[in-house]
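Protein chains in written order, with our numbering: chain A, 5 to 379; chain B, 9 to 246; chain C, 98 to 380. We put the beta carbon where it would ideally sit given N, CA and C, even for glycine. These numbers were taken from a predicted model, which means no experiment stands behind them.
Below you can see the structure in the form of structure tokens.
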């Protein structure tokens, strides 16, 4: 904090590297582990839950590049997820001839556009304004599904979304990986329903590695430093030469696009879209995941997603019938846990997010350094 | 020896690694006007904020023979009333509301209020004329009057004044200091921090010179006014 | 004419919600994303009491009391410990909103509920047929708002509230405890929102997600009215209230488009006039 400008440059740079670079080898073990997991886990229900968690890893990571990094905390991430998912579903419903991949791309584009539409008015907004604006936009989208009930299905959602196995790319890719990991004979011997679970498992995994890998490359590089600097001190970051508007908007759009992609893929895996993909519950769930995993690190929320979603979709159901009969108690419990954590250990369990939000350190200098280095 | 109202020993305040007050020791006796004079950045405002528990500090402070209460609110209730830098009135509230808020310390003795209000209006007739206007519409000098009036409404055991001359024209500065003298004559003990050494030293019974976090000189107001080094550094005369 | 009469009623009930939201923001700098939940708690508590065969008036009192209790608990248990961490407060209060939502879902299920009307029959005002319970809701809300405004501007307590809103530290220096004022304002704000919930319950619809629209509308009102401006809040409530009914009556499927229009107002205000109608430049 008392760094003088003279030696801040090298020290900030090296400090950032030391602190932020996760161990690449260790990191690569996670997808490898997940890749071979189906070989040893026969329980397809569990695998299905892991697939969903893998999708949520992308939700959380895409939230993190916006909220954890730049500090523009989004309380309506479901808006982007749902937009991607509903776009994909609409293609299945009205233009079934369009390939899965093209529909997914369209989902990404529409979500990115929404990112621009929300991002621009929100550029000047801070904390509470941004929170309420993002929250209420997601709420408005829910209403749109009722207004265009015939097209969007209202509370019923849209069923019969073309699934990943039908995809020109995702189908063969998923089947190939399944045969590779399980052996062609084993895979061939499974029921079509189980085969589908394997295919979607691998497609989700592959997509996750691409998205999270990409976001990590960005987040741990110089641009990530710049994004962090925005969170710490906008004015200082601007003074250090960060083109604020461009970076903030870019973070919004990138985050929206990734969320739209993950949402669209989720729709193809589930085969349905419904209001849960636009709900405040989903937005909060992502914040919960990020808070427990440690926001602003990409990898933290990613790991948090596995923990929280497996609990939600698998273990809690087996722990007590109450959760089966009253699924709403799951998100309720997580919300309660989050509240307790925030109160009892506002800096302890959730250090990265809250510490950075309380404005410690001086990454704006690091950002300045990053910019000069890149120049 | 007269009764000691405030006794400060080795008061230290630091913000991060910056030591703003580096072991300040001084005292105020009942009935005195004591001035702490120093240049910008010497730590004067920090000193008063520390006494009001608005800053964390270390050291020992006794107020009225007892350790200073731990919370800002309890400090006020104990009778150490702070007129902050830049007045800090409630600009959207009427002058009368501002003054009445000052009487919150005495809310359990409701009979004092009318009397105190009258006293403030006598000291500052302008405030009475404009009692219904919002404080934000007052001129700088009137705002300072209102701020001091607000503090007086609490019948302070010790009145802390932070730079009452700030931003005022010379004639108004004269006025404010003669009011401070009058307040003191009426029985209020005053601790004043000021950049305007000339005025502060001439109203003060005793004074301390604060430079970069330490007290470098002390004496009666008169002594310090006559001190050649002080004359050169603070009064602009060689 | 329908729009005018019903708009006035809606404005008044919405203003009840928005006033508390705005006051809590002004006083504590706290944006309480669980504010809409007080509305819901008031409505459901009154509903539960009336289901337990209590007289409606008692049920109404229980509704308001439950909301106030929730406000006190929220302040003491959740907000006070993290008061100065803006984002933590936002996250925690959103978590509270979802917690309440899941609690309501658990105890009452997802089906739509409704409270019986406080008064039976209908009246005709300026040629508009109106259920008496709606008229009562509007009048009660209006009276309450006037009382709240009078307390704020005329009483010593209101003076303290405004002082803390204007300059928290200066308020400390005259012997005001901002934490206490925040607690009281939160409790009263919660009670006002709860009252709105109770009043609307006989002609609105109770569902576990009913908290979101009033929160969004309160936000729109606070943005439109300008931060910390009480007059602005009241004025903007009228705008949003009439807009609400205008959309409901004049737009096809208007009932479900209200939220959409509200969000449009929010975004437009943020872009065109971030300081609101009467507001000062945002702090």
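Local conformation of residue i per DSSP, three classes
i	result
residue 226/C	strand
residue 225/B	strand
residue 163/A	strand
residue 125/A	helix
residue 160/C	helix
residue 216/B	strand
residue 35/A	helix
residue 42/A	helix
residue 378/A	With a pLDDT of only 36 at residue 378/A, under the threshold of 50, the placement of this residue in the model should not be trusted; the figure read from the coordinates follows. In the structure shown, residue 378/A sits in a helix (DSSP, three-state: H, G or I).
residue 211/C	coil
residue 10/B	coil
residue 306/C	coil
Pair within 8 Å by beta-carbon distance, residue i and residue j
i	j	result
residue 126/A	residue 136/A	no
residue 134/B	residue 153/B	yes
residue 178/A	residue 168/A	yes
residue 295/C	residue 157/C	yes
residue 43/B	residue 220/B	no
residue 287/C	residue 143/C	no
residue 327/C	residue 270/C	no
residue 223/A	residue 59/A	no
residue 38/A	residue 181/A	no
residue 191/A	residue 202/A	yes
residue 268/A	residue 112/A	yes
residue 3/B	residue 80/B	What is shown of chain B runs 9 to 246, which leaves residue 3/B out entirely.
residue 196/B	residue 167/B	yes
residue 198/B	residue 161/B	no
residue 113/B	residue 85/B	yes
residue 116/C	residue 289/C	yes
residue 185/A	residue 43/A	yes
residue 334/C	residue 108/C	yes
Alpha-carbon spacing of residue i relative to residue j, whole angstroms
i	j	result
residue 87/A	residue 57/A	19 Å
residue 278/C	residue 124/C	8 Å
residue 355/A	residue 194/B	With a pLDDT of 47 at residue 355/A, under the threshold of 50, the modelled position of that residue is not reliable, and the figure given next carries that caveat. Rounded to whole angstroms, residue 355/A to residue 194/B spans 55 Å at the Cα level.
residue 190/B	residue 88/B	19 Å
residue 211/A	residue 230/C	56 Å
residue 99/B	residue 181/B	22 Å
residue 24/B	residue 64/B	11 Å
residue 267/C	residue 107/B	13 Å
residue 201/B	residue 125/B	26 Å
residue 174/C	residue 64/A	28 Å
residue 377/A	residue 231/A	A caution first: residue 377/A carries a pLDDT of 37, below 50, which makes its placement in the model too unreliable to give a value.
residue 115/A	residue 155/B	55 Å
residue 101/B	residue 256/C	8 Å
residue 271/A	residue 66/A	17 Å
residue 344/C	residue 139/C	26 Å
residue 323/C	residue 216/B	47 Å
residue 237/C	residue 103/C	14 Å
Selection from the options that minimises the alpha carbon distance to residue i
i	options	result
residue 144/B	341/C, 204/C, 263/C and 131/C	263/C
residue 126/C	132/A, 296/A, 315/A and 81/A	132/A
residue 206/A	173/A, 146/A and 77/A	173/A
residue 244/A	38/A, 229/A, 183/A and 130/A	229/A
residue 104/A	91/A, 160/A and 116/A	91/A
residue 339/A	326/A, 293/A and 301/A	293/A
residue 130/C	194/C, 274/C, 201/C and 265/C	194/C
residue 264/A	47/A, 62/A and 29/A	62/A
residue 155/A	242/A, 75/A, 278/A and 106/A	278/A
residue 74/B	95/B, 15/B, 158/B and 66/B	15/B
residue 257/A	238/A, 85/A and 93/A	85/A
residue 151/A	280/C, 356/C and 122/C	356/C
residue 247/A	159/A, 260/A and 233/A	233/A
Could you tell me which whole alpha helix (DSSP H) segments of length 4 or greater appear in the segment 130 to 214 of chain B? With a minimum length of 4 residues, the continuous alpha helix (DSSP H) runs that stay inside the segment 130 to 214 of chain B are 133 to 137, 148 to 160, 178 to 193 and 205 to 211.
Unbroken stretches of the beta strand (DSSP E), 3 residues or longer, contained in the segment 330 to 354 of chain C: Not a single unbroken stretch of the beta strand (DSSP E) spanning 3 or more residues falls wholly within the segment 330 to 354 of chain C.
Would you mind listing the beta strand (DSSP E) stretches within the segment 248 to 310 of chain A that are 3+ residues and don't spill past its ends, in chain order? As far as the segment 248 to 310 of chain A is concerned, it has no whole beta strand (DSSP E) run of at least 3 residues.
Counting only runs that start and end within the segment 59 to 133 of chain B, where is the alpha helix (DSSP H) found for 4 or more residues in a row? You should have 80 to 86, 103 to 110 and 120 to 131.
Which full runs of the beta strand (DSSP E) of 3+ residues lie inside the segment 189 to 233 of chain A, going along the chain? If we require 3 residues or more, the segment 189 to 233 of chain A turns out to have no beta strand (DSSP E) run fully inside it.
Which complete alpha helix (DSSP H) runs does the segment 51 to 112 of chain A hold, if anything under 4 residues is left out? Listed in chain order, they are 82 to 98.
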